[in-house]
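Chemist:
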Amino acid sequence: MVGSSLIVAPSILAADFARLGEEARAVEGSADWLHVDVMDNHFVPNLTIGLPVVEHLLKATTLPFDTHLMIEAPDRWALGYAEAGSYNVSFHVEAAADPVGLAKNLRAAGSKAGLAIDRDTPIEPYLEILPHFDTLLIMTIKAGFGGQKFMPELLDKVRTARRHLASGHLELRIEVDGGIAEDTIEAAAEAGADAFVAGTAVYAADDPADAVRRLRRRAEAVVAGG
Ligand code: DX5
Ligand code: ZN
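Using my numbering, you'd call the opening residue of the sequence shown number 332 and step up by one each time.
(1) Which residue or residues does DSSP assign as beta-bridge partners of L365?
(2) Could you give the DSSP three-state label for L503: helix, strand or coil?
(3) Let me confirm a value: L378 is counted as buried when at least 16 other C-beta atoms fall within 10 Å, else exposed. Which label applies?
(4) In or out: G334 buried (at least 16 other Cβ within 10 Å) or exposed?
(5) Span of the alpha helix (DSSP H) holding K435?
(6) Once DSSP output is grouped into helix, strand and coil, what is the label at H495?
(7) Is V528 near ligand 2, in the sense that its beta carbon is under 8 Å from a heavy atom of that ligand?
(8) Report the rounded CA-to-CA distance for A524 versus P383, giving the unit in angstroms.
(9) Would you please state the rounded distance, in angstroms, between the beta carbons of L468 and G432? I believe it to be under 8 Å.
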């Protein structure tokens with residue numbers, strides 16, 4: 332953690348998968364969390380890594396893991412990622428049979444619990460279960476692939492969530508994921524996000540650590556400007 336009120340979480344989806352440990356360590360001094368995208372070729376068409384790789388990667392870096400499960404049946408699989416030592420485990424509400432029960436189990440296993448909302452899912456039906464969660468991950472693309480174009484219209488969900496949190500005195504992170512880069516992070520911060528996932532914008536840069544710092548500065552300027 333680098334002591335900012337905002338979270339910047341580089342996504343390893345855009346990293347070199349043959350050097351995941353090194354790629355994680357490259358952002359240790361600048362990032363807050365490492366965003367780890369688990370995809371199962373069922374919930375999304377893409378396939379990435381599973382628990383054995385996550386377990387090994389956890390040993391290769393000091394960064395807290397923000398594990399984003401884009402998988403079917405998270406009720407069955409998510410707990411393993413918490414028990415392995417993830418700081419936060421987010422699962423998709425579209426895939427979960429019992430989101431509140433799973434959130435309780437994740438917290439009992441020592442992890443934060445995250446609710447992820449994909450592009451085509453409205454947020455209103457889930458506002459009332461937010462007290463069971465620590466993070467709300469709002470996709471700003473359709474989940475499944477890195478390098479997609481940011482969809483600003485999805486920030487309406489961020490605004491709705493931020494208003495709801497303020498009125499209910501609820502505390503949780505609102506995290507955005509998808510197409511976050513230097514030219515989009517300000518709009519996301521203005522809408523009320525306070526955690527920012529960035530894959531391509533970090534790992535396609537010549538200097539990933541510097542890319543994280545630049546993203547953070549842009550988001551912080553929005554927050555400071557009130
Ligand atoms: C996509 C993943 C994202 C992905 C974002 O479904 O959840 O975390 O890495 O990649 P960029 O930042 O390139 O849009
Ligand atoms: Zn993600």
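We treat Cβ as the ideally placed atom computed from N, Cα and C, and that holds for glycine. Every value quoted in this text rests on a predicted model; they were computed, and no experiment measured them.
Modeler: Reading it off the structure:
(1) Position 34 of the sequence shown, counted from the start, is the residue given in the question as residue 365. F396, per the DSSP bridge assignment.
(2) For this step, residue 503 is matched to residue 172 along the sequence shown. Here L503 sits in coil by DSSP.
(3) The residue given as residue 378 occupies position 47 in the sequence shown. When all chains shown are included, L378 counts as exposed.
(4) By 1-based counting over the sequence shown, the position of residue 334 is 3. At G334, the pLDDT of 48 sits below 50, so the modelled position is not reliable and the matter cannot be decided from this model.
(5) As a working note, residue 435 is residue 104 in the sequence shown. Start and end: 430 to 439.
(6) For the purposes of this step, residue 495 is identified with residue 164 of the sequence shown, where counting begins at 1. Here H495 sits in helix by DSSP.
(7) Residue mapping note: residue 528 aligns to position 197 of the sequence shown, counting from 1. It does: the Cβ of V528 is within 8 Å (strictly closer) of some heavy atom of ligand 2.
(8) The residue given as residue 524 occupies position 193 in the sequence shown. The residue given as residue 383 occupies position 52 in the sequence shown. About 31 Å.
(9) For the purposes of this step, residue 468 is taken as residue 137 along the sequence shown, with counting starting at 1. For the purposes of this step, residue 432 is taken as residue 101 along the sequence shown, with counting starting at 1. So it is not a contact: roughly 19 Å between Cβ atoms.
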